[in-house]
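Oh and the sequence shown: position 154 is 154 in UniProt numbering, straight run, nothing missing.
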Amino acid sequence: MNWHAIRAIYRFEMARTFRTITQSIASPVLSTSLYFVVFGAAIGSRMGEIDGVSYGAFIIPGLIMLSLLNESISNASFGIYMPKWAGTIYELLSAPVSWVEVVIGYVGAAATKSLMLGLLILVTARVFVPYEIAHPLWMLGFLLLTAVSFSLFGFIIGLWADDFQKLQVIPLMVVTPLTFLGGAFYSISMLPPVWQKITLFNPVVYLISGFRWSFYGTADVDVGISMAAILGFLAACLAVVWWIFRSGWKLRN
Numbered sequence: 001m002n003w004h005a006i007r008a009i010y011r012f013e014m015a016r017t018f019r020t021i022t023q024s025i026a027s028p029v030l031s032t033s034l035y036f037v038v039f040g041a042a043i044g045s046r047m048g049e050i051d052g053v054s055y056g057a058f059i060i061p062g063l064i065m066l067s068l069l070n071e072s073i074s075n076a077s078f079g080i081y082m083p084k085w086a087g088t089i090y091e092l093l094s095a096p097v098s099w100v101e102v103v104i105g106y107v108g109a110a111a112t113k114s115l116m117l118g119l120l121i122l123v124t125a126r127v128f129v130p131y132e133i134a135h136p137l138w139m140l141g142f143l144l145l146t147a148v149s150f151s152l153f154g155f156i157i158g159l160w161a162d163d164f165q166k167l168q169v170i171p172l173m174v175v176t177p178l179t180f181l182g183g184a185f186y187s188i189s190m191l192p193p194v195w196q197k198i199t200l201f202n203p204v205v206y207l208i209s210g211f212r213w214s215f216y217g218t219a220d221v222d223v224g225i226s227m228a229a230i231l232g233f234l235a236a237c238l239a240v241v242w243w244i245f246r247s248g249w250k251l252r253n
């Protein structure tokens, strides 16, 4: 394993983040803070509790997950697509670096950025809404697994995309709607019985439910099923990346 190559890719991607810190970090945190102001303070103060939790605190896991999914995909997809678009990917191709090391470097950096953002949003939420974390280790576990798995998913999108428009299609048209419909702002137990069953086909439900359980000990879906879902998605993304490179696909447009 060429750890020098992994470190070089990782440091380059992290340096790019800090060069654009307003766009990469400050903007998502500010946007999520507005959700806390509107839904947590303004609307939440007029709503009752959900599963014994105030509405402002109830939406914290959903908002963190919403930002985490979008940022993980965005960071990883842009990270690998930009060298392809600019032509600098040939420098990487000419170096003694395997596809495994490329994946670890780019996905590791994207996951790190997403974790930083998730933790910053968690700290920011304390300014607006009081909350407790019942299972901090489980919370960090869900946060880490989600960041890594969706960074891998974003990496796959970056490999597939051949223009900037394709980078935005899946996050905007698929992931964001699934997150909003996956219980980010409500409990699926509040839905009519038929829609509760339909909602269970939404994979994001399991991520948000498990993450919310780590905060308050209550969930719409059993936490074991939620953990199995995120591990299954991670395994599927790893299998797709392995198949892409083993099938002879090259890192270039």
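We put the CB at the ideal spot given by N, CA and C, even for glycine.
Along the alpha helix (DSSP H) that carries residue i, what are the first and last residues, could you check?
i, result
"tyrosine 35", "27 to 35"
"histidine 4", "3 to 19"
"proline 96", "Premise fails: proline 96 is in no alpha helix (DSSP H) and is neither H nor E."
"tyrosine 131", "That residue, tyrosine 131, is in no alpha helix (DSSP H); it is neither H nor E in DSSP."
"alanine 50", "Reading off the sequence, residue 50 comes out as isoleucine, not alanine. Where isoleucine 50 is concerned, there is no enclosing alpha helix (DSSP H), given that its DSSP letter is neither H nor E."
"leucine 200", "Leucine 200 -> no alpha helix (DSSP H), and no H or E assigned at all."
"methionine 82", "60 to 86"
"threonine 176", "176 to 180"
What number of angstroms, rounded off, separates the C-alpha of residue i from the C-alpha of residue j?
i, j, result
"leucine 178", "serine 31", "19 Å"
"phenylalanine 78", "isoleucine 156", "11 Å"
"glycine 210", "leucine 34", "24 Å"
"alanine 239", "valine 97", "20 Å"
"leucine 115", "leucine 144", "7 Å"
"arginine 7", "alanine 235", "24 Å"
"proline 192", "leucine 200", "13 Å"
"lysine 84", "valine 194", "46 Å"
"serine 189", "isoleucine 60", "18 Å"
"isoleucine 225", "cysteine 237", "18 Å"
Sort the options by Cα distance to residue i and report the nearest one.
i, options, result
"alanine 134", "Phe215, Gly62, Ser209 and Leu172", "Phe215"
"arginine 16", "Val127, Ala109 and Trp138", "Ala109"
"glycine 232", "Val221, Trp243, Ala184 and Tyr206", "Tyr206"
"tryptophan 3", "Val103, Asn202 and Ser187", "Val103"
"proline 130", "Phe153, Lys84, Phe142 and Ala57", "Ala57"
"tyrosine 10", "Arg126, Met139 and Gly105", "Gly105"
"alanine 246", "Ile198, Tyr81, Gln168 and Trp99", "It should be noted that the sequence gives arginine, not alanine, for residue 246. Per the Cα distances, Trp99."
In its own chain, which residues sit with a C-beta less than 8 Å from the C-beta of residue i, not counting the 5 before and 5 after it?
i, result
"isoleucine 170", "Ile73 and Ile157"
"lysine 166", "Ile157 and Trp160"
"threonine 124", "Val29, Thr32, Ser33 and Phe36"
Just to confirm my understanding: we take residue i, look at its own chain, exclude 5 residues before and 5 after, and list those with CB closer than 6 Å. What are they?
i, result
"leucine 120", "Val29"
"phenylalanine 150", "Leu69, Ser72 and Ile73"
"alanine 111", "Ala147, Val148 and Ser151"
"tryptophan 213", "Ala219 and Val223"
On the criterion of 16 or more Cβ atoms from any shown chain inside 10 Å, does residue i qualify as buried, or is it exposed?
i, result
"leucine 92", "buried"
"serine 67", "buried"
"glutamate 49", "exposed"
"tyrosine 90", "exposed"
"leucine 122", "buried"
"residue 257", "The chain is shown from 1 up to 253; residue 257 falls before or after that span and cannot be answered."
Skipping 5 residues on each side, what residues in its chain have a beta carbon closer than 7 Å to that of residue i?
i, result
"phenylalanine 18", "none"
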